[in-house]
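Reminder that position 30 of the sequence shown reads as 1133 in this note's numbering, one-by-one numbering, no gaps.
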Amino acid sequence: MPKMIVSIDGVVIKEVQLTKERTTLGRRPYNDIVIDNLAVSGEHAVIHMNEQESDVEVEDLGSTNGTYVNGKAVKRQVLRNGDTVEVGKYKIRFLNDAEAENYEKTMIFKPGMVPPPIAPRPAPAAPAPAASAQAAPTAAIRVLSGAAAGREVALTKVVTTIGKPGVAVASITRRHHGYVLAHVEGPDTPLYNGAHIGMEPVPLHNGDRLELAGTIMQFIQG
């Protein structure tokens, strides 16, 4: 089934399956794909799909800043597998094949939601000395508040996004020297050990406390 992968600065924000003949995109909350950013018009663009899912087109709805496909401004354009639609600073990749993409879905916290428990960690095999010097230790996020308190979610991907899309989203990125936290979306930056972070990524250490979209979490690394 065709789908759109929405990202900003390389961080995936949301994944939307195309199930209707007409899928709208814009800043207003009634759109099928909502991007809450001032560079995006209230009704920015629409994605058309025929019943056979063989033809998918994107059409700009007279937006202020335009709609781009692979860097070129378009009014209406047929989308091919792998094409990138750009609205404002957001990139929306169109996928229409059976190959699974290695994207990390956003970990969304909602009232009453319990994220899946962290999988048991197998006993690690003895790594080669050169490899162990480069690999970052395994890490997880432990939820400390709400109905999901006590649960852990493993940070298994290079980039993991947490929060509520359209409200507050942050990313945790694995680097050679460890993990860093960065603000992605929303008016308020995450709280890091009780203080708001700036626009630059901050390094994470075992035991650091994070708060985002009303949920308190703890970074665990071992």
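Here a beta-carbon is modelled for each residue, glycine too, at the ideal position from N, C-alpha and C.
| Query | Result |
| --- | --- |
| Could you tell me the alpha carbon to alpha carbon distance between Thr1170 and Glu1189, rounded to whole angstroms? | 6 Å |
| Can you tell which of Gln1321, Ala1257, Lys1117, Asn1184 has its C-alpha closest to the C-alpha of Thr1241? | Ala1257 |
| What first and last residue would you give for the beta strand (DSSP E) that runs through Val1115? | 1114-1120 |
| Looking at the structure shown, is His1151 part of a helix, part of a strand, or coil, going by DSSP? | strand |
| Where Pro1306 and Leu1284 are concerned, what is the direct C-alpha to C-alpha distance, given to the nearest angstrom? | 6 Å |
| Short of 6 Å in beta carbon distance, which residues of its chain neighbour Arg1131, apart from the five on each side in sequence? Order them along the chain. | Gly1145 |
| Three or more C-beta pairs closer than 8 Å, one from the region 1146-1161 and one from the region 1284-1296: is that the case here? | no |
| Does the beta carbon of Pro1293 fall short of 6 Å from some heavy atom of the ligand MN? | Only the bare structure without any ligand can be found here, which leaves the ligand MN out of the picture. |
| So is Thr1122 buried or exposed if we call it buried at 16+ other beta carbons inside 10 Å? | exposed |
| For Thr1187 and Asn1173, which I take to be in contact (beta-carbon distance under 8 Å), what is that distance rounded to the nearest angstrom? | 6 Å |
| Excluding sequence positions up to five away, which residues of its chain have a Cβ less than 6 Å from the Cβ of Arg1312? | Asn1296, Gln1321 |
| Excluding the five sequence neighbours on either side, which residues of its own chain have a C-beta within less than 6 Å of the C-beta of Ser1274, listed in chain order? | Val1114, Val1262, Thr1264, Ala1285, Val1287 |
| Should Glu1255 and Ala1271 be called a contact, given that it needs their Cβ atoms to be closer than 7 Å? | no |
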